[in-house]
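The sequence shown begins at 5 in the numbering used here and counts up one residue at a time. Written out below as structure tokens is the structure these notes cover.
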Amino acid sequence: METTDDRVKLMYHRLVARQIRRDPELIERARKIVEELSAGPNQRSYVSEWKALLSQPSEKVRHFIVSRNEDATRLRITSPFPMLPELSVQDEQTRRRMWRKARKHGRSTTLIAPSAL
């Protein structure tokens, strides 16, 4: 079941995918962040997954980060992209708008879904 948090992360990564289309170098900068994380003593399994993903062509990265499959949803939780200053959502209004939209979408799908069965 998709949560509001998952929807916000998906919305954010859709924005990231558009930015990557304009500037594929963002992937290299995200890769450097993942490399720094891999040097730490508490490396998690997601680090190697991000390493593998970010070694793919930009089109594959863009497609994956906006997909709704379980692996993409899980990896978006640990995304390196928000750590890039140029991709950080600093504007409080923008963050609130994203959360409102995600909550609204969640309520509308909850209301529609039972009748669709």
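Heads up, the beta-carbon is just placed ideally off N, CA and C, and yes, glycines get one too.
On the premise that residue j lies in contact with residue i, defined as a C-beta separation below 8 Å, what is that separation, rounded to the nearest angstrom?
i, j, result
"A24", "M87", "First, the residue type needs correcting, since residue 24 is Ile and not Ala in the sequence shown. Incorrect: roughly 15 Å between the Cβ atoms, too far for contact."
"F85", "A34", "6 Å"
"S83", "H17", "7 Å"
"I31", "L58", "6 Å"
Taking all protein chains shown into account, decide if residue i is buried (16 or more other Cβ within 10 angstroms of its Cβ) or exposed.
i, result
"I81", "exposed"
"K108", "exposed"
"R48", "exposed"
"R11", "buried"
"P118", "Legend: pLDDT at P118 = 36, less than 50; position of this residue unreliable, no value from coordinates given."
Output the distance between the C-alpha atoms of residue i and residue j, rounded to the nearest integer angstrom.
i, j, result
"R66", "L91", "14 Å"
"E40", "S52", "12 Å"
"T8", "Y50", "22 Å"
"L115", "A76", "Its pLDDT being 37, under 50, L115 is placed unreliably by the model, and the measurement read from it follows with that caveat. Spanning the two alpha carbons is a distance of roughly 26 Å."
"R26", "K64", "15 Å"
"K55", "R104", "32 Å"
"P89", "E29", "14 Å"
"G44", "R78", "21 Å"
Would you kindly report the start and end of the unbroken alpha helix (DSSP H) that includes residue i?
i, result
"L88", "Unbroken run through L88: none, as it is neither H nor E."
"R80", "E74 to R80"
"S71", "Where S71 is concerned, there is no enclosing alpha helix (DSSP H), given that its DSSP letter is neither H nor E."
"S92", "Where S92 is concerned, there is no enclosing alpha helix (DSSP H), given that its DSSP letter is neither H nor E."
"Q23", "T8 to R26"
"S42", "E29 to A43"
Taking 7 Å as the cut-off, is the CB of residue i close to at least one heavy atom of the ligand FAD?
i, result
"R26", "For the structure depicted, the ligand FAD is absent and the ligand set is empty, with no information on it obtainable."
Item to complete: State whether the stretch 57 to 76 contacts the stretch 11 to 28, with contact taken as three or more CB pairs (one from each stretch) at a distance under 8 Å.
Response: yes
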